[in-house]
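Notes follow the structure.
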Amino acid sequence: VVRTDSLKGRRGRLPSKPKQPPDASPVSLITSLVRAHIDSIPSATKLDYSKFQESAPSPFEKEDSVDVQQFYDLLTGSMDVIRKWAEKIQGFTELPKEDQDLLLESAFLELFILRLAYRSKPEEGKLIFCNGVVLHRQQCVRGFGDWIDAILEFSQSLHRMNVDVPSFSCLAALVIITDRHGLKEPKRVEELQNRIVGCLKDHVAAAGAEPGRSSCLSKLLGKLPELRSLCTQGLQRIFYLKLEDLVPPPPIVDKIFMDTLPF
Numbered sequence: 001v002v003r004t005d006s007l008k009g010r011r012g013r014l015p016s017k018p019k020q021p022p023d024a025s026p027v028s029l030i031t032s033l034v035r036a037h038i039d040s041i042p043s044a045t046k047l048d049y050s051k052f053q054e055s056a057p058s059p060f061e062k063e064d065s066v067d068v069q070q071f072y073d074l075l076t077g078s079m080d081v082i083r084k085w086a087e088k089i090q091g092f093t094e095l096p097k098e099d100q101d102l103l104l105e106s107a108f109l110e111l112f113i114l115r116l117a118y119r120s121k122p123e124e125g126k127l128i129f130c131n132g133v134v135l136h137r138q139q140c141v142r143g144f145g146d147w148i149d150a151i152l153e154f155s156q157s158l159h160r161m162n163v164d165v166p167s168f169s170c171l172a173a174l175v176i177i178t179d180r181h182g183l184k185e186p187k188r189v190e191e192l193q194n195r196i197v198g199c200l201k202d203h204v205a206a207a208g209a210e211p212g213r214s215s216c217l218s219k220l221l222g223k224l225p226e227l228r229s230l231c232t233q234g235l236q237r238i239f240y241l242k243l244e245d246l247v248p249p250p251p252i253v254d255k256i257f258m259d260t261l262p263f
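Residue numbering for the sequence shown is 1 to 263, as defined by the UniProt record's numbering.
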């Protein structure tokens, strides 16, 4: 006797493949990346102009301890915002804690630059930081040195590309979700990276009908090496300020500096 009760209702079909969990679809991944980005940016209505002034001290004067402290405060203030943002990237908090910390610290300066460049208004010389503080370029020159102009130049090139929020959200995620020396589970990071690249490709292809979008993907990914070069400039600036020794760097900045030193 052939038992058929277990096959009732199946109409002879083979068992279907197990479905991916609902949150693994490219659409929900890109939606979660966009949401993480939007949640991590200062609201346009709540920007803090209390310190903003266009006529700052002469940039030719040497930096003093106030300039250096401001520089470090802006960096450390961004760290908390970027950490909270990273934790909202689908799959990030499932990685080992050591890998999360390594990815975050390795990518921190690049993310600081990328996010600052995307938010700022280079044509007005306005820099909008993670905590909503708005400063004029003149106010940053003494703390940031030449690095600030390199960031503003990068900002202009990003603005010229008209990068939309979904593309930017994927790009920012790719800065942190990438292979780093010392990862405990590089395979999981690579899988997540491939999913994000897939999302970006799908999104750019869908927007491809718009004029000027065809070479958008290669231009976008071409921003990643530029970011690494800007990150090296930032590390050189921190190195210089450490030598000056006007203000000791905060422990987190010191740790990032020591761990990511390329020179």
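Glycine included, C-beta positions come from ideal geometry on N, C-alpha and C. Just so you know, these numbers come straight off a predicted model, no measurement behind them.
Checklist entry - Is the stretch 126-142 touching the stretch 188-197, taking contact as three or more C-beta pairs under 8 Å? => result Three or more beta-carbon pairs separated by less than 8 Å are not found between the stretch 126-142 and the stretch 188-197, which leaves the two stretches without contact.
Checklist entry - Which residues in the same chain have their Cβ closer than 7 Å to the Cβ of Tyr72, if we skip the five residues on either side of it in sequence? => result The answer, listed in chain order, is Val247, Pro249, Pro250 and Val253.
Item to check | Buried or exposed by the 16-neighbour rule on C-beta atoms within 10 Å, applied to Gly9 | outcome: Because Gly9 sits at a pLDDT of 49, beneath the cut-off of 50, its placement in the model cannot be relied upon, and the following sentence gives the value as read from the coordinates. Gly9 counts as exposed, since fewer than 16 other beta carbons sit within 10 angstroms of its beta carbon.
Next on the checklist: Per DSSP, what are the beta-bridge partners of Lys126 in this structure?
Outcome noted: DSSP lists Lys121 and His136 as partners of Lys126.
Checklist entry - Is it true that the stretch 112-119 meets the stretch 95-102, where meeting means three or more beta-carbon pairs spaced less than 8 Å apart? => result Too few Cβ pairs lie closer than 8 Å, so no.
Next on the checklist: Strictly by DSSP, which residues pair up with Asp48?
Outcome noted: Partner(s): Val133.
Item to check | Where the alpha helix (DSSP H) through Val189 begins and ends | outcome: In the DSSP annotation of this structure, the continuous segment of the alpha helix (DSSP H) that includes Val189 starts and ends at Pro186 to Ala206.
Item to check | Buried versus exposed call for Phe239 [16 or more other C-beta atoms within 10 Å across all chains shown] | outcome: Its Cβ having fewer than 16 others within 10 Å, Phe239 is exposed.
Checklist entry - Can you tell which of Thr93, Lys88 and Cys130 has its C-alpha closest to the C-alpha of Ile30? => result For Ile30, the closest of Thr93, Lys88 and Cys130 by C-alpha to C-alpha distance is Lys88.
Checklist entry - His159 lies in the alpha helix (DSSP H); which residues open and close that run? => result Trp147 to Arg160 is the extent of the alpha helix (DSSP H) around His159.
Checklist entry - Apart from the five residues just before and just after Leu109, which ones in its own chain have a Cβ nearer than 6 Å to its Cβ? => result Cβ-Cβ distances below 6 Å link Leu109 to Cys231 and Gly234 in the same chain, with the five nearest sequence neighbours on each side left out; the list follows chain order.
Next on the checklist: Please classify Asp67 as buried or exposed, where buried requires at least 16 other C-beta atoms within 10 Å of its C-beta.
Outcome noted: Looking at its Cβ environment, which holds 16 or more other Cβ atoms inside 10 Å, Asp67 is buried.
Checklist entry - Helix, strand or coil for His181 per DSSP? => result Reduced to three states, the DSSP call for His181 is coil.
Next on the checklist: Closest to Met258 by C-alpha separation, out of Glu244, Ser106 and Thr76, would be which residue?
Outcome noted: The residue with the shortest Cα to Cα distance from Met258 is Ser106.
Item to check | Nearest candidate by alpha-carbon position, reference Arg83, set His203, Ser65 and Ala173 | outcome: Nearest of His203, Ser65 and Ala173 to Arg83, Cα basis: Ala173.
Checklist entry - What is the rounded straight-line gap between the Cα of Pro22 and the Cα of Leu152? => result At Pro22 the pLDDT is 43, less than 50, meaning the model places this residue with poor confidence and gives no usable figure here.
Checklist entry - According to the neighbour-count rule (16 or more other Cβ atoms, all chains shown, within 10 Å of its Cβ), is His181 buried or exposed? => result With fewer than 16 Cβ atoms within 10 Å of its Cβ, His181 is classed as exposed.
Checklist entry - Ends of the alpha helix (DSSP H) at Thr76? => result Element bounds for Thr76: Ser65 to Glu87.
Checklist entry - Does the Cβ of Glu98 have 16 or more other Cβ atoms within 10 Å, making it buried, or fewer, making it exposed? => result Exposed, by the Cβ-count rule.
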